[in-house]
Amino acid sequence: MDINDKTLKALASAVKFREMRQEVISSNIANAETPGFKAKRLDFEEALARALDVDGQLTMKVNDPKHFDVGNGGFNNLKPEVYEDPNGVVSENGNTVDIQDEMAREAENKLMYDALIQMINKKLGMKKYILNSEK
Amino acid sequence: MAINSVSQMNQTLKNYDVSNWTRNIELKDDFDFRGQFSELSESSRSTKSFGDFLADSIGKVNQLQQNANVAMERVASGESKNLHETLLAIEKADLAFRQMNQIRMKVIDAYKEIMKMQM
Amino acid sequence: MDLLKSMKISASGMRANLKRTEVINSNIANAQTTRTAEGGPYRRKQAVFGSEPARDSFSEILEGEIDAHAQSVHVTEVVEDTKPPILKYDPHHPDANKDGYVAMPNINTMIEMADLLQAQRAYEANLKTLNVTKGMAQKALEIGR
């Protein structure tokens, strides 16, 4: 368990992205009746999966402590993809928001968010345990 | 047969000759104690030392941690929605590590104890 | 930061729907009003929603940063119905014209009730979302505890 914990960074990134997704969902729900408003989606899964894979396979081995750790920096530059849902059903005033769909997405987002926070706590708890048990 | 008189006692003693009580039992060749207990036999004595055993265990604990890390990364990237399995893997890694830490502390205590011994 | 913006967006949704409820209540209450300050019968009103980019701070507005993925909602205007009022034959009504017809507001109470229900449900959806966002923020506070 080293300080450059790739998993912890991945969890933190996922938490941040899910917060951003909550923004988009809130925006969709608030504008569920706004004429002409198109429902938006936020995707981060692909970008994050790619960052994780790259770190695993293509990270350069660092032998000299003076060499930079090239792989892990990839987490700081991840950007999510925000786009209008192309499959939205257009209602008579041009609005494509389906409130039931948005509520379902929100529920899933919250559940995964809670799980991620719990995992972060577990990891931090382990680090604290190690620090406390040094004799 | 209850013993009610001296004559009966003599009769009993004659029936069971004292010399019979202490007769040499010869060990038969095929009744080899050493073969019965595999830990004592030469051939199956383990060649691993305690140090190797510890190193193996540390490797297993590390493997469990790696499994937990991979599971968490897969949840973070949305690839896996299998929360209960992930949390189970994390708990396993947690418990294994704490157990190993306890063993480590005990080994260190034992070492210190030995070093305290004055020669 | 992001979660606070979400809460502001949900709050804007609640506010807009509350305003809409007000307008619908006004319609229902005035379904029989034949005299208004502007003269003539009450005209049906409708609240029109519009979205605008949710801006967090004054500095963001200054820099013109438009974060297009998060839009808050507000009532852009309250439009009055331009359709002519319904003429009802009622010669004994104090506001009847010379032919005995009274100009009544063209408000269909059934439609207004349906709109009211919809506005209420939308309000509740925004409220639920607000609570979910609040829950996320509280969970985040538990990190490391």
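Residue numbers (the numbering used here), protein chains in the order written: chain V, 1 to 135; chain C, 1001 to 1119; chain B, 2001 to 2145. All residues carry an ideal CB built from backbone N, CA and C; glycine is no exception. Being a predicted model, the structure only gives us computed values, none of them experimental.
Run of the alpha helix (DSSP H) containing residue i, from where it starts to where it stops
| i | result |
| --- | --- |
| Lys-2088(B) | Counting along the chain, Lys-2088(B) falls outside any alpha helix (DSSP H), though it belongs to the beta strand (DSSP E) covering 2086 to 2089. |
| Gly-1059(C) | 1050 to 1076 |
| Asn-28(V) | 6 to 30 |
| Ser-1080(C) | Careful: Ser-1080(C) lies outside any alpha helix (DSSP H) and carries neither H nor E. |
| Ser-1007(C) | 1006 to 1015 |
| Tyr-129(V) | 99 to 132 |
Closest Cα partner of residue i within the set the options
| i | options | result |
| --- | --- | --- |
| Lys-38(V) | Ala-47(V), Asn-28(V), Gln-100(V), Gly-125(V) | Asn-28(V) |
| Lys-2088(B) | Gly-2100(B), Ala-2122(B), Val-2048(B), Val-2078(B) | Gly-2100(B) |
| Glu-92(V) | Ser-133(V), Lys-123(V), Gly-36(V), Asn-121(V) | Gly-36(V) |
| Asn-2126(B) | Asp-5(V), Phe-17(V), Gln-22(V), Asn-132(V) | Gln-22(V) |
| Ala-2011(B) | Gln-2032(B), Pro-2041(B), Thr-2133(B), Asp-2090(B) | Thr-2133(B) |
| Ile-117(V) | Met-103(V), Lys-127(V), Asp-5(V), Val-15(V) | Val-15(V) |
| Asn-2030(B) | Ala-2119(B), Leu-2003(B), Thr-2109(B), Leu-2117(B) | Thr-2109(B) |
| Asp-2095(B) | Thr-2036(B), Leu-2116(B), Lys-2139(B) | Thr-2036(B) |
| Lys-122(V) | Arg-1074(C), Leu-1087(C), Met-1117(C), Arg-1104(C) | Leu-1087(C) |
| Asp-2090(B) | Pro-2084(B), Gln-2032(B), Met-2136(B) | Gln-2032(B) |
| Asp-2081(B) | Thr-2034(B), Arg-2015(B), Arg-2043(B), Met-2113(B) | Arg-2043(B) |
| Gly-2040(B) | Pro-2084(B), Lys-2139(B), Arg-2020(B) | Pro-2084(B) |
| Leu-136(V) | Gly-2135(B), Asn-2025(B), Ser-2026(B) | Residue 136(V) falls outside the range modelled here, since chain V spans only 1 to 135, and no answer is possible. |
| Leu-2003(B) | Val-24(V), Ile-130(V), Asn-77(V) | Val-24(V) |
| Asn-109(V) | Leu-42(V), Ala-30(V), Asn-31(V) | Leu-42(V) |
| Asp-2115(B) | Met-2007(B), Ile-2028(B), Met-2014(B), Arg-2015(B) | Ile-2028(B) |
| Arg-2146(B) | Glu-19(V), Asn-31(V), Asn-77(V), Ser-13(V) | Outside the shown range of chain B (2001 to 2145) lies residue 2146(B), about which nothing can therefore be said. |
Cutoff 6 Å; reference residue i; Cβ partners in own chain excluding five residues on either side
| i | result |
| --- | --- |
| His-67(V) | Here the model assigns His-67(V) a pLDDT of 45, short of 50, so the residue's position is not dependable, and the following value carries that caveat. Within the same chain, His-67(V) has no close Cβ partners at all. |
| Ala-1096(C) | Val-1061, Leu-1064 |
| Lys-1092(C) | Leu-1064 |
| Glu-2142(B) | none |
| Asn-2017(B) | Ala-2119, Ala-2122, Tyr-2123 |
| Asn-1067(C) | Ala-1089 |
| Val-2075(B) | Ala-2016, Lys-2019, Ala-2047 |
Beta-carbon separation (whole angstroms), residue i vs residue j, contact threshold 8 Å
| i | j | result |
| --- | --- | --- |
| Phe-44(V) | Pro-86(V) | Actually they are not in contact, since the Cβ atoms of Phe-44(V) and Pro-86(V) sit about 18 Å apart, beyond 8 Å. |
| Val-2023(B) | Val-2078(B) | 6 Å |
| Lys-2005(B) | Ala-2047(B) | Actually they do not touch by this definition, with Cβ atoms about 24 Å apart. |
| Lys-128(V) | Val-82(V) | Their Cβ separation, rounded to whole angstroms, is 37 Å, which puts Lys-128(V) and Val-82(V) out of contact at 8 Å. |
| Ala-2122(B) | Glu-102(V) | The Cβ separation is near 11 Å, so there is no contact. |
| Glu-1085(C) | Thr-7(V) | Actually they do not touch by this definition, with Cβ atoms about 16 Å apart. |
| Val-89(V) | Asp-98(V) | 7 Å |
| Lys-2139(B) | Asp-114(V) | 6 Å |
Start and end residues, beta strand (DSSP E) containing residue i
| i | result |
| --- | --- |
| Ala-2031(B) | Premise fails: Ala-2031(B) is in no beta strand (DSSP E) and is neither H nor E. |
| Thr-2076(B) | 2071 to 2080 |
| Val-90(V) | Val-90(V) -> no beta strand (DSSP E), and no H or E assigned at all. |
| Glu-1113(C) | That residue, Glu-1113(C), is in no beta strand (DSSP E); its alpha helix (DSSP H) goes 1083 to 1116. |
| Ser-2051(B) | 2045 to 2053 |
Residues bridged to residue i (per DSSP)
| i | result |
| --- | --- |
| Lys-2128(B) | Bridge partners of Lys-2128(B): none, in fact. |
| His-2093(B) | None, per the DSSP bridge assignment. |
| Ala-2103(B) | Leu-2087(B) |
| Leu-42(V) | Val-82(V) |
Contacting residues, own chain, Cβ-Cβ under 8 Å from residue i (five flanking each side not counted)
| i | result |
| --- | --- |
| Ala-10(V) | Leu-48, Ala-51, Leu-52, Phe-75 |
| Ile-2086(B) | Ala-2103, Met-2104, Pro-2105, Asn-2106 |
| Gly-1078(C) | none |
Close beta carbons around residue i, own chain, < 7 Å, minus the five adjacent residues each side
| i | result |
| --- | --- |
| Glu-46(V) | none |
| Ile-2009(B) | Ala-2054, Ala-2070, Ser-2072 |
| Ile-1058(C) | Met-1100 |
| Gly-125(V) | none |
| Met-119(V) | Leu-11 |
Closer than 7 Å to chain E by CB, residue i
| i | result |
| --- | --- |
| Met-112(V) | Among the chains of the structure shown, chain E does not appear; the protein chains present are V, C and B. |
Residue i Cβ short of 6 Å to the ligand GTP heavy atom set
| i | result |
| --- | --- |
| Lys-2019(B) | What this structure holds is no ligand at all, so the ligand GTP is not there to describe. |
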